[in-house]
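Engineer:
Residue numbers (full-length UniProt numbering): 1 to 221.
#1: At what residues does the alpha helix (DSSP H) containing residue 218 begin and finish?
#2: Please list, in chain order, all residues of the same chain as residue 21 whose beta carbon is under 8 Å from its beta carbon, the five residues on each side excluded.
#3: Does the distance between the C-beta of residue 189 and the nearest non-hydrogen atom of the ligand MG fall short of 7 Å?
#4: Going by beta-carbon coordinates alone, are residue 37 and residue 55 separated by less than 8 Å?
#5: Using DSSP with H/G/I as helix, E/B as strand and the rest coil, what is residue 45?
#6: For residue 88 versus residue 62, is the C-beta spacing smaller than 8 Å?
#7: Residue 183 by DSSP, collapsed to three states: which one?
#8: Considering Cα atoms alone, identify which of 85, 67, 66 is closest to residue 74.
#9: For residue 71, is the classification buried or exposed, using 16 other Cβ atoms within 10 angstroms of its Cβ as the cut-off for buried?
#10: Cβ atoms of residue 141 and residue 185: under 8 Å apart, would you say?
Structure follows, in structure tokens:
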């Protein structure tokens with residue numbers, strides 16, 4: 001298969017598997033999505049979705065959030081990890097949103113990246129999922145699968161994002177990045193990987209990945 005054929009096969013397979021695409025993090029507006037994505041750093045969506053209702057019951061907008069102290073925010077979000085940094089970030093960005101943006105979350109990627117504790121990936125998720133602006137946030141699942149599929153060299157997420165944007169049509173970025181995440185979780189995880197179920201990798205995966213898999217499964221062969 002040519003690379004173009006592999007890309008087409010991947011897109012068509014993902015669209016068949018995920019014709020409707022659930023958003024992993026529970027939220028109701030751009031602000032609550034921003035906070036949820038910030039909390040998800042080095043944590044799981046399941047854990048974040050258990051904590052955000054507790055936090056948002058007290059403050060689901062920047063005006064109420066700054067009524068709490070960073071320490072109070074930290075006590076609520078402790079289970080998601082990195083709570084000292086995240087609590088200061090949540091308080092700090094909420095204050096900036098009030099002072100500079102009338103409490104609204106800006107739609108520009110560059111402005112989002114200037115907010116405390118908001119990196120490129122978090123900003124990309126917000127513009128794509130909250131505002132429908134084409135972006136391709138790369139998490140561990142996308143980074144892993146882009147390498148397994150031979151679409152990127154796996155050196156770093158910056159290069160993986162560039163490769164994804166170059167290979168996939170821009171109008172599909174927002175759907176594809178979510179579809180690949182769900183596919184990675186269900187069919188091509190880092191641990192407990194079963195290639196027989198991983199229909200995309202089995203069909204188009206790079207030879208080094210496939211050979212390594214089979215050697216692991218059959219060490220005496």
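For each residue, glycine too, the CB sits at the ideal point set by N, CA and C.
Computed from a predicted model, the values in this text were never measured in an experiment.
Structural biologist: On the basis of the coordinates in this document:
#1: To locate residue 218, count along the chain shown from 1; it is residue 218. Taken as a continuous stretch (DSSP letters only), residue 218 belongs to no alpha helix (DSSP H), as it is neither H nor E.
#2: Reading the chain shown from its first residue, position 21 is the one you call residue 21. Excluding residues within five positions, the ones whose Cβ falls inside 8 Å are 175, 178, 179, 182.
#3: Questions concerning the ligand MG fall outside what the structure shown contains, since it holds no ligand whatsoever.
#4: The residue you call residue 37 lines up with position 37 of the chain shown. The residue you call residue 55 lines up with position 55 of the chain shown. No, they are not a contact pair.
#5: In the chain shown, the residue the question calls residue 45 occupies position 45. If DSSP states are grouped into helix, strand and coil, residue 45 belongs with the helices.
#6: Looking up residue 88 in the chain shown gives position 88. Looking up residue 62 in the chain shown gives position 62. Not a contact, by the Cβ cut-off of 8 Å.
#7: Position 183 of the chain shown, counting from 1, holds the residue named residue 183. Helix.
#8: As a position in the chain shown, residue 74 is number 74, starting the count at 1. Of 85, 67, 66, the residue nearest in Cα terms is 85.
#9: To locate residue 71, count along the chain shown from 1; it is residue 71. By the 10 Å Cβ count, residue 71 comes out exposed.
#10: Within the chain shown, residue 185 is the residue found at index 185, counting from 1. Within the chain shown, residue 141 is the residue found at index 141, counting from 1. Result yes, Cβ atoms of residue 185 and residue 141 sit closer than 8 Å.
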